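Data block below; observations after.
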Ligand SMILES: Cc1cc2nc3c(=O)[nH]c(=O)nc-3n(C[C@H](O)[C@H](O)[C@H](O)COP(=O)(O)OP(=O)(O)OC[C@H]3O[C@@H](n4cnc5c(N)ncnc54)[C@H](O)[C@@H]3O)c2cc1C
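Residue numbers (our numbering): 3 to 318.
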């Protein structure tokens, strides 16, 4: 079958690869290509953050963990490292709903927690360097015979004019493309610093002044962050950068020396529930895969495989 995929972020590219592997022909149409998508801004670590509903997210996240872990071993050119780290808390917490997705999950030992913090989870997670990973996905898609075209659409009609089977991975763009008013931006700012001040990730989602996280990569480190629902500004705020550095300081080894080399902003595609479903009208089919919130990378392979199943079930 010939399929047009709308969107060239992590969702569109991953769907493209799985659909090509399943024997379809694929053309990806996107208004922005990497390095200009939201996916390029992602920190990006495996973690099911701000994506719902839990039951489906857990299945997609677990599957994606497995694929990313295999890629980290088999394809050093993909830019994925398995990194150990902790999520920290100031109160007692139960084990998280996603704990079975992570093979080495355990409670953190006191000596693994930053000073003043009382509890934590310890686990390993794939850290995905998006400036390397997205070109890797694009190359893999092209090698499988797919095409990537820079092209904006205003509605599904434009894609259906080319083929009856369309996959919609336009993230926040789906507000316009399919009129989905439930989508909302969750703005996030991050700093890229070098050299990496630590070799482990640390998440602190409960700091009073805002969230803080440290994600070391091969040559640099991402310090985050912010979660600002409903704000669609793409202008980095120097005041926010100062706050990020302040909140992360207690999480880092004392006296860590590093330099801020980049300050980025992106809009996570928030939605009350991730939309992976098919809509059929006569011979025309659209399979949606968007609205992944702060977890588009974390859910990418699981969702893409469900898209392939939906295409097989609904397209003729
Ligand atoms: C600061 C920050 C940190 C994050 N950290 C993480 C993390 O650690 N882990 C994680 O899993 N996720 C993280 N995320 C979330 C993640 O970035 C998103 O969930 C993910 O990028 C969504 O991918 P996508 O491919 O669906 O959308 P996008 O990357 O936004 O791609 C959408 C594509 O659709 C195209 N498009 C839109 N409208 C149209 C149109 N009308 N016509 C044609 N093309 C169109 C766009 O041009 C683009 O190519 C983070 C996000 C931010 C902002």
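Even for Gly, the Cβ is constructed at its ideal location relative to N, Cα and C.
Note that this is a predicted model, so its numbers are computed, not measured.
If I'm right that residue i touches residue j with Cβ under 8 Å, what's the distance once you round it to whole angstroms?
i: residue 42; j: residue 136; result: 6 Å
i: residue 188; j: residue 52; result: 6 Å
i: residue 174; j: residue 269; result: 6 Å
i: residue 313; j: residue 167; result: 7 Å
i: residue 169; j: residue 289; result: 5 Å
i: residue 70; j: residue 90; result: Between residue 90 and residue 70 the Cβ distance is about 23 Å, and since that is not below 8 Å, they are no contact.
Leaving out five residues on either side along the sequence, give the residues of the same chain with a beta carbon under 7 Å from the beta carbon of residue i.
i: residue 126; result: 84, 85, 86 and 106
i: residue 217; result: 45, 47, 129, 203, 223 and 224
i: residue 61; result: 304
i: residue 81; result: 130, 131, 134, 135 and 138
i: residue 35; result: 10, 150 and 152
i: residue 94; result: 121
i: residue 209; result: 249
i: residue 79; result: 138
Does DSSP put residue i in a helix, a strand or coil?
i: residue 76; result: helix
i: residue 154; result: coil
i: residue 280; result: strand
i: residue 308; result: helix
i: residue 294; result: coil
i: residue 316; result: helix
i: residue 138; result: helix
i: residue 49; result: coil
i: residue 233; result: coil
i: residue 248; result: helix
i: residue 272; result: strand
i: residue 216; result: strand
i: residue 164; result: coil
i: residue 17; result: helix
i: residue 61; result: helix
i: residue 100; result: coil
i: residue 259; result: coil
i: residue 381; result: In the structure as shown, the chain starts at 3 and stops at 318, and residue 381 therefore has no counterpart that could be examined.
i: residue 113; result: helix
i: residue 189; result: strand
Report whether the distance from the Cβ of residue i to the nearest heavy atom of ligand 1 is below 7 Å.
i: residue 74; result: no
i: residue 317; result: no
i: residue 235; result: no
i: residue 33; result: yes
i: residue 98; result: no
i: residue 168; result: no
i: residue 271; result: yes
i: residue 70; result: no
i: residue 13; result: yes
i: residue 40; result: yes
i: residue 104; result: no
i: residue 94; result: no
i: residue 171; result: yes
i: residue 163; result: no
i: residue 225; result: no
i: residue 2; result: As shown, the chain starts at 3 and ends at 318. That puts residue 2 outside it, with no answer to give.
i: residue 124; result: no
i: residue 290; result: no
Among residues of its own chain, excluding the 5 on either side of residue i, which ones have a beta-carbon nearer than 8 Å to its beta-carbon?
i: residue 63; result: 48, 50, 100, 103, 297, 300, 301 and 304
i: residue 260; result: 195, 196, 197, 198, 199 and 223
i: residue 295; result: 51, 52, 53, 54, 188, 270, 271, 272, 273 and 276
i: residue 143; result: 15, 18, 19, 22, 28, 30 and 150
i: residue 287; result: 166, 167, 168, 280, 281, 313, 316 and 317
i: residue 211; result: 245, 248 and 249
Cutting at 6 Å between CB atoms, please list the residues of its own chain near residue i, excluding the five before and the five after it.
i: residue 56; result: 99
i: residue 30; result: 7, 10, 14, 18 and 150
i: residue 306; result: 16, 17 and 20
i: residue 26; result: 3 and 5
i: residue 265; result: 193, 238 and 243
i: residue 73; result: 80 and 82
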